[in-house]
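Novice: Below is the structure I would like to discuss, written out as structure tokens.
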Amino acid sequence: MVKLKLHDQIVKIDKGELVGYTLAGHEFIHQKGSPGWRNSDTEMFPIIGPTNKANFRVTTPKGVAVQDQHGLLREMAYQIVSQTDTKAVFRKQYVSGTPIKNSKYPSKSTEEYLSWPYNFEFTKSFQVLENGIKIQFNITGEEGMPFMLGYHPAFKLYSENVSIRTSDGTIALQEVLDAGSRALAVMDCNSVTLMDNGKLSIKTEGFGNFMLWTEVPNMLCIEPISFYPYAVNQEDLHNGFQAVNTSEKIFSVIIQPNI
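Residue numbers (this note's numbering): 6 to 264.
What follows is the structure, given as structure tokens:
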């Protein structure tokens, strides 16, 4: 377990997963074991969304790749690169064509192994700021490699009147519950605010959109995404790709509390 600290903020990271963020003892992150989701955060890469209706196949310029829901990155282990009192850096590296064991097999998938026809390096860093935390993702890979990126943190809820404020208005928690497994899209948006017992702002760079998902009233996933996968049929998921170029791709999320 990695612990970062600045003033009365404490961040806990378990093998690259954000499992705790407290300010003056107030916990913002959904805790494992609580109803709702078995994780606290994860990434969606190099695809976002389910693939079962496309026989777990995704089209790329280098041919068809075998991918399960939200991609193979989450099936790989992070290695810690560096750590200070206020910052920690983790990395995953993938060699083109390497088979990755699929944890959804055989109960939820027909594919025992997943693969991707490109090399890539994926870095995730956490930094405690004076007021908040910054999570940054750096992606390098073969030039032209297609990808989508989504970040999937889960936040603990306290109030019975939770809502999400965007630049276009306010979304009630019930609207997210009603959206079900598809998740509720918040398009062309770089910042949202969770209105609970106090406010929690989520500000992003690089993503451009959000998905909101939960199936329980005690937790909410506020997910920055580069593409909303339910905008297309699963066979057409490749239409949502962007591409790696000669410079690294950088995406960031700042979680800023006001309690």
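C-beta: ideal position from N, C-alpha, C; glycine also.
(1) For L134, count neighbouring C-beta atoms within 10 Å of its own C-beta (all shown protein chains included) and say buried if the count is 16 or more, exposed if not.
(2) Measure the CB-CB distance between I260 and L178 and report whether it falls below 8 Å.
(3) Among the residues of its own chain, which have a CB less than 8 Å from the CB of S257, if the five just before and after it don't count?
(4) Since V249 contacts G146 with CB under 8 Å, what's their CB separation in whole angstroms?
(5) Does DSSP classify V181 as helix, strand or coil?
(6) Among D73, T27, L242 and F152, which has the Cα closest to the Cα of D13?
(7) Within the chosen definition, does the segment 211–231 reach the segment 181–200 through at least 3 CB pairs nearer than 8 Å?
(8) Where do the N-terminal and C-terminal ends of the beta strand (DSSP E) with R79 fall, by residue?
(9) If we require 3 or more residues per run, which beta strand (DSSP E) segments fall completely within the segment 47–111?
(10) Would a C-beta distance cut-off of 8 Å place H243 and P151 closer than the cut-off?
(11) Return the CA-CA distance between D241 and E148, expressed in angstroms with no decimal places.
(12) Can the beta-carbon of P222 be found closer than 8 Å to that of D46?
(13) Per DSSP, what are the beta-bridge partners of S168 in this structure?
(14) Taking the beta strand (DSSP E) that Y123 belongs to, which residues open and close that run?
(15) If we count the other Cβ atoms within 10 Å of its Cβ and call it buried at 16 or more, is I227 buried or exposed?
(16) For a quick check, are the C-beta atoms of S164 and C194 less than 8 Å apart?
(17) Expressed to the nearest angstrom, what Euclidean distance is found between the alpha-carbon atoms of E32 and G21?
(18) From V94 to F127, what distance separates their C-alpha atoms?
(19) With a CB to CB cut of under 6 Å and the five nearest residues on each side skipped, what residues in its chain are close to S130?
(20) How many Å lie between P40 and K17 at the Cα?
(21) Would DSSP call S186 helix, strand or coil?
Specialist: For this structure:
(1) exposed
(2) Not closer than 8 Å, so no.
(3) K139, I140, Q141, F142, T209, E210 and G211
(4) About 5 Å; that satisfies the 8 Å criterion.
(5) Looking at V181 - three-state DSSP - the assignment turns out to be helix.
(6) T27
(7) yes
(8) From DSSP, R79 is part of no beta strand (DSSP E); its letter is neither H nor E.
(9) 62–65, 68–71, 84–88 and 92–99
(10) yes
(11) 22 Å
(12) no
(13) A177 and M200
(14) Unbroken run through Y123: none, as it is neither H nor E.
(15) buried
(16) no
(17) Going from the Cα of E32 to the Cα of G21 covers about 18 Å.
(18) Inter-residue distance for V94 and F127 is about 11 Å (C-alpha atoms, whole angstroms).
(19) V94 and Q141
(20) 20 Å
(21) helix
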